[in-house]
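Below: one structure, written as structure tokens.
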Amino acid sequence: MKVIRKIRWSIEHRGIIGTLTSATKSIGRKFRRLGVRATHHFDTQNGVVTDGLIPGHDLAVGHENDKFIAGYAAIPPSRFLGAMEKWKASRPKHAIERYTFIDFGCGKGRATLLASQLGFRNVVGIELNPKLANLATSNAAIWTAAGNTRCAIRIVCGDALELEWPDGPVLVYLYNPFGKQVMRRLVEKMKTKFSSNPGDLEVVYQKPEQAHSFDQGFELVWCEAIPMSEEDTNAELASDPKDETRAYRLSGW
Numbered sequence: 001m002k003v004i005r006k007i008r009w010s011i012e013h014r015g016i017i018g019t020l021t022s023a024t025k026s027i028g029r030k031f032r033r034l035g036v037r038a039t040h041h042f043d044t045q046n047g048v049v050t051d052g053l054i055p056g057h058d059l060a061v062g063h064e065n066d067k068f069i070a071g072y073a074a075i076p077p078s079r080f081l082g083a084m085e086k087w088k089a090s091r092p093k094h095a096i097e098r099y100t101f102i103d104f105g106c107g108k109g110r111a112t113l114l115a116s117q118l119g120f121r122n123v124v125g126i127e128l129n130p131k132l133a134n135l136a137t138s139n140a141a142i143w144t145a146a147g148n149t150r151c152a153i154r155i156v157c158g159d160a161l162e163l164e165w166p167d168g169p170v171l172v173y174l175y176n177p178f179g180k181q182v183m184r185r186l187v188e189k190m191k192t193k194f195s196s197n198p199g200d201l202e203v204v205y206q207k208p209e210q211a212h213s214f215d216q217g218f219e220l221v222w223c224e225a226i227p228m229s230e231e232d233t234n235a236e237l238a239s240d241p242k243d244e245t246r247a248y249r250l251s252g253w
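Everything in the sequence shown is counted per UniProt numbering, starting at 1 for the first residue and increasing by one.
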């Protein structure tokens, strides 16, 4: 039954062709794991726990949206920071100090830690799985105690579709967190929330497997395969050098 659940989950997220492709890649990853692999350098250097791969079907918590969870893998730090530099260079409407950074499906919180160094007004991570949310909270406390932050980090354990949006400009950050049904509903909530102030919303979407959700009502600002550092390339099992990052804005601002 577990195998059937995995197959159904994969078809829901990737389609039939994508499932076959993923299975081929998974075999390669299993062979690579036979070697000795050290903890990711980001965790070793900072005393946090953000590493690891967890498939979506292993993150179920009994919620109706369990089957739409894409799984857990932390963004390579160099790829995240490269995307943020690209975004800042794209001339957003407001200064970075006015934006609240929100990571939907934040997992263990690596992106929220990195974002807290960049000068955002606030950083928020929302995660449905309590174990991951607790880890993210612990990591944020360690990171903050080490003096690494320039703003507060808040981790929310809950449904991304029920998040209470903050006032003011928002940068939505997505690292392939959800399947198409949840992503479409989240996108509709963005449109509704920012309909009267479209210039207050920015979106950075890394590994954008549900990019089609942004086809209506959004402008694609840029699309690029952000390079990883050699250190990240050697440490990562889930990231492909060809993975895209896309930045969106609501049309008309």
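Each residue gets a CB set at the ideal place from its N, CA and C atoms; glycine is no exception. These numbers come from a predicted model, not from an experiment.
Per the DSSP secondary-structure output, R154 pairs in a beta bridge with V124.
Where V187 is concerned, the enclosing alpha helix (DSSP H) starts and stops at 180-193. Here Y99 is near G168, since their CB atoms are less than 9 Å apart.
Per DSSP, A238 lies in no beta strand (DSSP E) segment and is marked neither H nor E. Straight through space, the alpha carbons of N129 and A60 are spaced by roughly 7 Å. By the CB criterion at 9 Å, R79 and P227 fall inside the cutoff. Between S251 and E202, the C-beta gap is not smaller than 9 Å, which leaves the two residues out of contact. The C-beta distance from H41 to E188 rounds to 39 Å, too long to fall under 8 Å, and the pair is not in contact. Close CB contacts of I153 within its chain, under the 6 Å cut and outside five residues either way in sequence, are with T112, S116, V123, A140 (chain order).
Assignment of W222 by DSSP, reduced to helix, strand and coil, places it in the strand class. Within the model, the alpha-carbon separation for A133 versus P55 is close to 16 Å.
Annotation: the continuous alpha helix (DSSP H) that includes A111 extends over 110-115. Residue state for R246 is assigned as strand, using DSSP reduced to three classes. One thing to note: F214 has its Cβ no nearer than 9 Å to the Cβ of L163. Approximately 6 Å separates the beta-carbon atoms of F120 and C151; this is inside 8 Å, confirming the contact.
Counting along the chain, I102 sits inside the beta strand (DSSP E) bounded by residues 100-104. Taking each of A211, D159, D243 in turn and checking the Cα distance to A225, the smallest one comes out for D243. Of the residues assessed, A73 falls on the buried side of the cut-off, its CB having 16 or more other CB atoms within 10 angstroms. Contact between A136 and K108 holds, with the beta-carbon distance rounding to 5 Å and staying under 8 Å.
Listed in chain order, the non-local C-beta contacts of G125 below 6 Å within the same chain comprise D103, C106, G109, T112, A136, I155, local neighbours out to five positions each way being set aside. One alpha carbon belongs to S195, the other to S239, and they sit about 34 Å apart. Residue nearest to D43 within the set S229, P166, E127, I142 is I142 (criterion: CA-CA distance). Look at I96 here: in three-state DSSP terms it is helix. Note on R246: 16 or more other CB atoms within 10 angstroms of its CB, so buried under the neighbour-count rule. Judged by their CB atoms, D200 and K131 are not nearer to each other than the 9 Å cut-off.
Per DSSP, the beta-bridge partners of I54 are Y72.
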